[in-house]
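Comments concern the structure below.
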Amino acid sequence: MKMTKCLITGGAGFIGSHIIENLLNSGHEHEVVCLDNFDAYYSPRLKGKNTEPFMKYDRFKLVKDDIRDKVPLNRTFEGVEYIFHKAAQAGVRTSVETPMNPHEVNATDTLNLLESVLDSDIRKFRNASSSVYGRVEYLPFDETCPEQLSPYGVSRLLAKHYCRVFEELYGLKNVSLCYFTVYGPRMRPDFAINIFTKAALKNEHITISGIERIQGTLPM
């Protein structure tokens, strides 16, 4: 039986590594390619640990490269039918200091990836898009809250629109998923849930930015 080949960009990260794990253990014969540049936004060593369990699979291939480099990117497309696009420049706060970084990686490089996909046999494209919603003026809020509060949010929203336009103009089937406060094994060390949990387990103070100090007992 022919195996379905999937490419996961940013596959060494939190969500990407879980997608790989599920594809390899789904009971279906998936061939999986992980493309990741092991960016130093957080520990490349942790990302290496994320992918280490997959190296035992003959159906898994790790490519240490950057989606900004079209030559190796196009090489990874050989035989690929589905792309799970998780590669991104993370960091809402850091985007305020260096707004060009998230724009180049999250918006421009997503556009480059989409253009390359058009010249391949790839049938479906899955895009991860977070922080696309801006100022919330009512609850529950919906998709009509586009006023962004950070360069990171703008870059993610732009990538989402590029995906939509490529489906409307070129017929590239794609879905953009908007995750909210995802947590679990292998989550990024800078996530609030990770930081708060570790502090609580050590009986340390929990710092919540933007509000005054609250004293109390956490329910256990």
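Going by the numbering used here, the first residue of the sequence shown is number 46, and it counts up by one from there.
Where a beta carbon is used, it is the ideal one built from N, C-alpha and C, also for glycine.
Per-residue burial, residue i [other beta carbons within 10 Å of its own, 16 or more giving buried]
i: A173; result: buried
i: Y215; result: exposed
i: F211; result: buried
i: N248; result: exposed
i: L61; result: It should be noted that the sequence gives Gly, not Leu, for residue 61. By the 10 Å Cβ count, G61 comes out buried.
i: I65; result: buried
Of the listed residues the options, nearest to residue i (C-alpha basis)
i: V22; options: L163, K243 and N146; result: The chain is shown only over 46 to 265; residue 22 falls outside these bounds and no answer can be derived.
i: D111; options: A245, A85, C223 and Y127; result: A85
i: I253; options: A237, R104 and N67; result: A237
i: H206; options: Q193, Y197 and S221; result: S221
i: L194; options: G136, E213 and K218; result: G136
i: Y87; options: I251, K243, I240 and D235; result: D235
i: F122; options: V77, Y228, A57 and G58; result: V77
i: I53; options: L107, K115 and D103; result: L107
Per DSSP, the bridge partner or partners of residue i
i: D81; result: K109
i: N219; result: F170
i: I53; result: C79 and F129
Helix, strand or coil at residue i according to DSSP, with G and I counted as helix
i: V150; result: helix
i: Y228; result: coil
i: N95; result: helix
i: E66; result: helix
i: G58; result: coil
i: A206; result: As written in the sequence, residue 206 is His, which differs from the Ala given in the question. If DSSP states are grouped into helix, strand and coil, H206 belongs with the helices.
i: E74; result: coil
i: V137; result: helix
i: V162; result: helix
i: Y87; result: coil
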